[in-house]
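*Asks:* Protein chains in written order, with our numbering: chain A, 12 to 187; chain B, 0 to 586.
1) I need the straight-line Cα distance from residue 561(B) to residue 574(B), nearest angstrom please.
2) Taking its Cβ as the centre, do 16 or more other Cβ atoms sit within 10 Å of residue 357(B), making it buried, or is it exposed?
3) For the stretch 16-45 of chain A, list every residue whose C-beta sits within 8 Å of some C-beta in chain B, in sequence order.
4) Does chain B have any CB closer than 8 Å to the CB of residue 173(A)?
5) So, do the stretch 506-524 of chain B and the stretch 540-557 of chain B have three or more beta carbon pairs nearer to each other than 8 Å?
6) Anything in the stretch 97-123 of chain A with a Cβ closer than 8 Å to a Cβ of chain B? List those residues in chain order, please.
7) Just checking: is the beta-carbon of residue 132(A) within a distance shorter than 8 Å of some beta-carbon in chain B?
8) Does the beta-carbon distance from residue 246(B) to residue 221(B) come in below 8 Å?
9) Do residue 293(B) and residue 396(B) have their C-beta atoms within less than 8 Å of each other?
10) For chain B, find out if any of its Cβ atoms is closer than 8 Å to the Cβ of residue 81(A); answer yes or no.
11) Do residue 305(B) and residue 212(B) count as a contact pair if the criterion is CB distance below 8 Å?
12) Output the boundary residues of the alpha helix (DSSP H) element that contains residue 41(B).
13) Is the CB-CB distance between residue 115(B) and residue 54(A) below 8 Å?
14) Please go through the stretch 56-118 of chain A and give each complete alpha helix (DSSP H) segment of 4 or more residues, from N-terminal end onward.
15) Alpha carbon to alpha carbon, how far is residue 33(B) from residue 49(B)? Give it in angstroms, no decimals.
16) Anyone know if the C-beta pair for residue 120(A) and residue 113(A) falls short of 8 Å?
17) Helix, strand or coil: how does DSSP classify residue 452(B) here?
18) Residues of chain A with CB under 7 Å from residue 481(B), in chain order?
19) Would residue 22(B) be called buried (16 or more neighbouring beta carbons within 10 Å of its own) or exposed?
20) With 8 Å as the C-beta to C-beta threshold (strictly closer), list the residues of the stretch 60-80 of chain A near chain B in chain order.
21) For the stretch 533-566 of chain B, list every residue whose C-beta sits within 8 Å of some C-beta in chain A, in sequence order.
22) Is residue 315(B) helix, strand or coil by DSSP?
23) Residue 455(B): which of 407(B), 469(B), 479(B) sits nearest, CA to CA?
24) Cα separation between residue 15(A) and residue 194(B)?
25) Along the chain, which unbroken stretches of the beta strand (DSSP E) at least 3 residues long are found entirely within the stretch 470-516 of chain B?
26) With a threshold of 6 Å on Cβ separation, who are the neighbours of residue 119(B) within its own chain once the five nearest residues in sequence on each side are excluded?
27) Nearest chain A C-beta to residue 141(B) closer than 8 Å, yes or no?
28) At least one CB of chain A closer than 8 Å to the CB of residue 6(B): is that the case?
29) Just list the residues that DSSP pairs residue 540(B) with in beta bridges.
30) Quick one: list the residues of chain A neighbouring residue 251(B), beta-carbon separation under 7 Å, in chain order.
31) For chain A, check one thing: does any of its Cβ atoms lie closer than 8 Å to the Cβ of residue 666(B)?
32) For residue 123(B), count neighbouring C-beta atoms within 10 Å of its own C-beta (all shown protein chains included) and say buried if the count is 16 or more, exposed if not.
33) Determine the DSSP secondary structure at residue 395(B), reduced to helix, strand or coil.
34) Among the residues of its own chain, which have a CB less than 7 Å from the CB of residue 441(B), if the five just before and after it don't count?
35) Taking just the CA atoms, how far does residue 290(B) sit from residue 284(B)?
36) How long is the line joining the alpha carbons of residue 167(A) and residue 18(B), rounded to whole angstroms?
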């Protein structure tokens, strides 16, 4: 099940499933300031990827909101994880910060020479960003970035269930 | 000059206006402070000198904000009606302490209120408002995020869930090669069975017992491959979006595999969330019936689909009503009828049914370790109730209650065990095997004694037992050695780490309170050490406050968690499950 558009030389597509189990070069983890993996997708990363990921993250110290770091993905199917500290819980200037977090993630991927990247519905779910707002900002920002100079070839937004998938599908349709 | 308000406090007030519905406003304005609710609350009864536990006092903390911002009396005459606003982040923390730490949303005060004030409903609203700005106990945060992102409250990954069900099927087929085991994602099923993640993670016997019952009844049933969690932390955290998201996943899954009925395993909040609240949160009609497994099992017995022999469950039993089942869903008679069919000696506890007291683990309290001392203290009421029954076994139809009651039994040193109806029904089953016609000239099988069979199950495994109680180490070691394992022993935290490094065991059992490094320290060091991180750990503890290892974690959670006291069968089952599921995984 895939919905996609082409932005210059890069595919921008939607997938349904568990982002931490995707067979893709890299994916974004919506991280905390201290980069502790914690629960949710963090649990999946610790369990599937092994302890080396948290160990590598401990070497980065803390990062500010909108910043990101790249780690290896241990034993996971992906090669890299981009840990991006996005805004949380109705934080001030949330839309601007969310957009910047997505841009930083893309830039970090580019710096690493990554060709394929998957995003979760950024900030939605536990951190409370409404799905429609997340879809609007996530897809607009990725499309805008891909319209410029980039070596990325595949950009994915991976949604866990229909509840997440449908608002992103609607937004992507409007970008076609 | 107007007092300045913090950003988060303003957000809470703004959002409160959107959450007020007729039911909540009715409860917020109806209180006449008659005091009838006071004696109905287990927190008050256990803390008679502390008025801050009184339901009316707790309600006023929320009511005062409502009055200040949304009721004309409080807007015009705040001093007259005790209206009060929120200003600082400290005010939010104070509110958190009340709505999460001093109430389990058990609704006992509600049924004792002549005005029908439903404190739990607006207490839940207040929790949701705080969660929306990130103010919540750490355990609530961990569990909510697990359910949002992994799809279940305990962060059980799909491969672990499937492995567990397949392992249980193998176990059943070893007993009976003709057993269908546990069908997964069957499109031909009349019944879809959904469970609590605690069952996969720490209590797999409840799943296999249910499977044995379904199969004995000849039911066409299945379990979903994903979206199987019928619990819903949205009920506890007040997050309606989470509530709707979780319920929708399960409803859509039942439709996708063409299930005709959803049966919900014994879990109070899961039953209420899925059957009663889920359709409202998910904003959708549900096209199939939903029922508690208690009702399913009762119907199997009454219709003759299964036969039971109550003499197989000796002992004196009592029944604890889960708040969500009894007070919020009216499920009071069916469990008693079923219990009387599977045991001989049932002693009612008083008060009971909708008037029963909370196990103290409701409302997500088991996940909030910072409030554990309060929870255990408030459990005095329940402990006295249990003791007065003179029963040896307390039965309950709720996984939260199993954990809550287990903690109280340990804390108040009651000589009791906790079990669920599914275990008793499975144990009482009478399965008539077809008569086998003896075949002549077949060599007589070599007799293998049960001891020899059991001796094989842990053969080849090296297990480190770490506990500061020598008697317990001896007991567990003997059980493991009798089953073929090689055992190494440690009696304090430092020795446990040293032995783990030296012996590289296949599994480690770990007590929490040990001299030297505590079990928690040992556990975190193990998990952070590249060489030791992959050693599976089974926590064996009698310390209720240490459930934080399950609910609050910076590292990968333990593979097993067993409460003391523990019997031989549970030790072997839990250790085997961990070891056999660990085979083939990345080390």
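Idealized CB from N, CA, C, for every residue including glycine.
*Replies:* Taking the geometry as given:
1) In the second chain, residue 561(B) corresponds to position 562, counting from 1. In the second chain, residue 574(B) corresponds to position 575, counting from 1. Near 10 Å, if we compare the C-alpha coordinates of residue 574(B) and residue 561(B).
2) Here residue 357(B) is taken as the residue at index 358 of the second chain, counted from 1. Taking a 10 Å sphere around the C-beta of residue 357(B), we find 16 or more other C-beta atoms and assign the residue as buried.
3) 29, 32
4) Here residue 173(A) refers to the residue found at position 162 of the first chain. Closer than 8 Å to some Cβ of chain B, the Cβ of residue 173(A) qualifies, so yes.
5) Note that the stretch 506-524 of chain B touches the stretch 540-557 of chain B; at least 3 beta-carbon pairs, one per stretch, sit closer than 8 Å.
6) Hits within the stretch, in order: 99, 100, 101, 103.
7) Here residue 132(A) is taken as the residue at index 121 of the first chain, counted from 1. Residue 132(A) does not count as touching chain B.
8) For this step, residue 246(B) is matched to residue 247 along the second chain. For this step, residue 221(B) is matched to residue 222 along the second chain. In this structure, residue 221(B) does not lie closer than 8 Å to residue 246(B) by Cβ.
9) Taking the second chain and counting its residues from 1, one reaches residue 293(B) at position 294. Taking the second chain and counting its residues from 1, one reaches residue 396(B) at position 397. Cβ distance < 8 Å, so residue 293(B) and residue 396(B) count as in contact.
10) Within the first chain, the letter at position 70 stands for residue 81(A). Not closer than 8 Å to any Cβ of chain B, the Cβ of residue 81(A) fails to qualify, so no.
11) Translated into the one-based positions of the second chain, residue 212(B) becomes position 213. Translated into the one-based positions of the second chain, residue 305(B) becomes position 306. Yes, Cβ-Cβ distance for residue 212(B) and residue 305(B) is below 8 Å.
12) On the second chain, position 42 is the one that residue 41(B) refers to. That run of the alpha helix (DSSP H) goes 41-45.
13) Position 116 of the second chain, counted from the first residue, corresponds to residue 115(B). Position 43 of the first chain, counted from the first residue, corresponds to residue 54(A). Taking 8 Å as the Cβ cut-off, residue 115(B) and residue 54(A) do not qualify as a contacting pair.
14) 63-69
15) Translated into positions along the second chain, residue 49(B) becomes position 50. Translated into positions along the second chain, residue 33(B) becomes position 34. So the two alpha carbons sit approximately 18 Å from each other.
16) For the purposes of this step, residue 120(A) is taken as residue 109 along the first chain, with counting starting at 1. For the purposes of this step, residue 113(A) is taken as residue 102 along the first chain, with counting starting at 1. Against a cut-off of 8 Å, the Cβ pair of residue 113(A) and residue 120(A) comes out as no contact.
17) For the purposes of this step, residue 452(B) is identified with residue 453 of the second chain, where counting begins at 1. Reliability of the predicted coordinates at residue 452(B) is poor, the pLDDT of 48 falling under 50, and the value obtained from them is presented with this limitation in mind. Three-state DSSP puts residue 452(B) in a helix.
18) The residue labelled residue 481(B) in the question sits at position 482 within the second chain. None at all; the shortest Cβ gap to chain A is about 32 Å.
19) The count along the second chain starts at 1 and reaches residue 22(B) at position 23. Exposed: under 16 other Cβ atoms inside 10 Å.
20) From the stretch 60-80 of chain A, only 61, 62, 63, 65, 66 have a Cβ closer than 8 Å to chain B.
21) 533, 552, 553, 554, 555, 556
22) Locating residue 315(B) in the second chain gives position 316, counting from the first residue. Residue state, collapsed to three classes: strand.
23) Numbered from 1 along the second chain, position 456 holds the residue referred to as residue 455(B). When only C-alpha atoms are compared, the closest one is 479(B).
24) Walking along the first chain from the start, residue 15(A) turns up at place 4. Walking along the second chain from the start, residue 194(B) turns up at place 195. Here the alpha carbon of residue 15(A) sits roughly 36 Å from the alpha carbon of residue 194(B).
25) 485-489, 506-509, all fully within the stretch 470-516 of chain B.
26) Counting from one through the second chain, the residue named residue 119(B) turns up at place 120. Once the five neighbours on either side are set aside, the close Cβ partners of residue 119(B) are 104, 106.
27) Locating residue 141(B) in the second chain gives position 142, where the first residue counts as 1. Residue 141(B) counts as touching chain A.
28) Mapped onto the second chain, residue 6(B) falls at position 7. At least one CB of chain A lies nearer than 8 Å to the CB of residue 6(B).
29) Taking the first residue of the second chain as position 1, residue 540(B) is located at position 541. According to DSSP, residue 540(B) bridges with 562(B).
30) Taking the second chain and counting its residues from 1, one reaches residue 251(B) at position 252. Counting only Cβ-Cβ distances below 7 Å, residue 251(B) has contacts in chain A at 173, in chain order.
31) A query on residue 666(B) cannot be resolved here, the shown segment of chain B reaching from 0 to 586 and no further.
32) Counting from 1 along the second chain, the entry for residue 123(B) is found at position 124. Answer is buried; the Cβ neighbour count reaches 16.
33) Stepping through the second chain from its first residue, residue 395(B) is reached at position 396. In the structure shown, residue 395(B) sits in a strand (DSSP, three-state: E or B).
34) Position 442 of the second chain holds residue 441(B). With a pLDDT of only 49 at residue 441(B), under the threshold of 50, the placement of this residue in the model should not be trusted, and no figure is reported.
35) Numbered from its first residue, the second chain carries residue 284(B) at position 285. Numbered from its first residue, the second chain carries residue 290(B) at position 291. Going by the C-alpha atoms only, they are around 16 Å apart.
36) Position 156 of the first chain, counted from the start, is the residue given in the question as residue 167(A). Position 19 of the second chain, counted from the start, is the residue given in the question as residue 18(B). Distance between the alpha carbons of residue 167(A) and residue 18(B) is about 35 Å.
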